[in-house]
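So the sequence lines, in the order shown, correspond to chains L and Y. Be aware that the first sequence starts at 1, since it is given in this note's numbering, and climbs by one per residue. Be aware that the second sequence starts at 115, since it is given in this note's numbering, and climbs by one per residue. Structure first, then comments.
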Amino acid sequence: EAGVAQSPRYKIIEKRQSVAFWCNPISGHATLYWYQQILGQGPKLLIQFQNNGVVDDSQLPKDRFSAERLKGVDSTLKIQPAKLEDSAVYLCASSLSGQNSPLHFGNGTRLTVT
Amino acid sequence: AQSVTQPDIHITVSEGASLELRCNYSYGATPYLFWYVQSPGQGLQLLLKYFSGDTLVQGIKGFEAEFKRSQSSFNLRKPSVHWSDAAEYFCAVKETSNDMRFGAGTRLTVKP
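Encoded structure:
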C-alpha cells in the first residue's frame, strides 16, 4: 500500500511569513494526525481529525496555526505568521479508527524559520 | 499527569552486542504501548505494539519488548545489534482512541 505522503520535504521562510504543509493519508484511514517534532524531542500532537471532524486540537496554537481536512481525505496545516520557535519537523500520520490502531507516519516537512 | 519517560537520551553499543532501551509510563489504566524507530530525515516506523495477552511481544528487525505492569515499563530489546540499527527510538502510549503520546526518544549509536 502507498504510505502517507507529505509535501514539501523542506521549507525555509522568514519570521512573520506564512507557510502551508500538505498531507495525503493512507487510503481508507479515517484518522489523521499532525505532529510537531522539535529537534531532540519526541513528536507532540497538534491536531487529530476523524474523517473531516476535529477530535483533539487542544495543543494547537490557534492564534497562528490552522488545519483542515476537507472531504475527509487530504489535509493542510498552515502557520501564519511564523515565529522562530516554529522551526521543527511537521509529521503527518494516519490510522484506522480504534485505540489499538498504530499510526503510520509520513517522512515529514522540515521547517526552518529565520 | 500522564507521561512517557525514556530515561536514556543516548546509548552507544558495539555491533553484535545486546541492547535494551528503557521506557516507563504513567497512566491510570493499562494503555496500548508502541515502539517506533526514526532514521535521519525519515518518518517514524512502527517496530512493535502491545495491547494485551503475552507480555513479551515480537516486532520487526529482530526487536522484542516486554510489558511489566508492576514496573509500568515497556523496554525494548535486541540480542545482537547491527550497524543499521543506529537511529532514534521512541516509546509511545495510547490510552484512549485519541492522542498517542511519545517519549523524548533515545538515540542509538552503534560502534563497529
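Ideal placement from N, C-alpha and C gives every residue a C-beta, glycine not left out. Note that the coordinates shown come from a computational prediction; the quantities given were computed from them, not determined experimentally.
Give me the chain Y residues within the contact set of L/Leu103, using Cβ-Cβ distance strictly less than 9 Å, ordered along the chain. In the first sequence, the residue the question calls residue 103 of chain L occupies position 103. Ordered by position in chain Y, the residues that pass the 9 Å Cβ test against L/Leu103 are Phe148, Tyr150, Leu158, Leu160, Ala206, Lys208 and Met214.
Reduced DSSP category for L/Ile38 - H, G, I as helix; E, B as strand; rest coil: Residue mapping note: residue 38 of chain L aligns to position 38 of the first sequence, counting from 1. Secondary structure of L/Ile38 (DSSP, three-state): coil.
Counting only Cβ-Cβ distances shorter than 8 Å, please list the residues of the stretch 49–73 of chain L near chain Y, keeping chain order. Val55 and Asp56
With a threshold of 7 Å on Cβ separation, who are the neighbours of Y/Asn189 within its own chain once the five nearest residues in sequence on each side are excluded? What you label residue 189 of chain Y is simply residue 75 of the second sequence in a count that begins at 1. The answer, listed in chain order, is Glu134, Leu135, Arg136, Cys137, Ala179 and Glu180.
Under three-state DSSP, which class holds L/Leu120? Residue 120 of chain L lies beyond the stretch modelled for chain L, which goes from 1 to 114, so this question has no answer here.
Environment of L/Tyr10 [buried if 16+ CB atoms lie within 10 Å]: The residue given as residue 10 of chain L occupies position 10 in the first sequence. Exposed, by the Cβ-count rule.
Does any residue of chain Y bring its CB to less than 8 Å from the CB of L/Pro25? As a position in the first sequence, residue 25 of chain L is number 25, starting the count at 1. Judged by the 8 Å Cβ criterion, L/Pro25 is not in contact with chain Y.
Y/Asp199 - DSSP class collapsed to helix/strand/coil: Counting from 1 along the second sequence, the entry for residue 199 of chain Y is found at position 85. Three-state result, Y/Asp199: helix.
Quick check on L/Ile12: buried or exposed, where buried means 16 or more other Cβ atoms within 10 Å of its Cβ? In the first sequence, counting from the first residue as 1, residue 12 of chain L sits at position 12. Looking at its Cβ environment, which holds fewer than 16 other Cβ atoms inside 10 Å, L/Ile12 is exposed.
Where Y/Ile123 falls: helix, strand or coil (DSSP): For the purposes of this step, residue 123 of chain Y is taken as the residue at position 9 of the second sequence. Coil at Y/Ile123, not helix or strand.
Counting only beta-carbon atoms, is L/Pro8 nearer than 8 Å to chain Y? Residue mapping note: residue 8 of chain L aligns to position 8 of the first sequence, counting from 1. No, no contact with chain Y.
Any C-beta of chain L under 8 Å from that of Y/Ala201: Working through the second sequence from its first residue, we reach residue 201 of chain Y at position 87. Chain L contact via Cβ: absent.
Who pairs with Y/Leu147 in a beta bridge, going by DSSP? Taking the first residue of the second sequence as position 1, residue 147 of chain Y is located at position 33. Answer is Y/Tyr164 and Y/Val207.
Residue from Y/Tyr141, Y/Gln159, Y/Ile123 and Y/Val127 with nearest C-alpha to L/Val4: Locating residue 4 of chain L in the first sequence gives position 4, counting from the first residue. Here the closest residue by C-alpha is Y/Gln159.
In or out: L/Ser97 buried (at least 16 other Cβ within 10 Å) or exposed? For the purposes of this step, residue 97 of chain L is taken as the residue at position 97 of the first sequence. Exposed, because fewer than 16 other Cβ atoms sit within 10 Å of the Cβ of L/Ser97.
Short CB-CB distance (under 8 Å) between Y/Phe177 and chain L: Counted from its first residue, the second sequence places residue 177 of chain Y at position 63. Closer than 8 Å: no.
Report the rounded CA-to-CA distance for L/Ser66 versus Y/Gly217, giving the unit in angstroms. Start at 1 with the first residue of the first sequence, and residue 66 of chain L comes out as number 66. Start at 1 with the first residue of the second sequence, and residue 217 of chain Y comes out as number 103. Cα to Cα, the separation comes out at about 25 Å.
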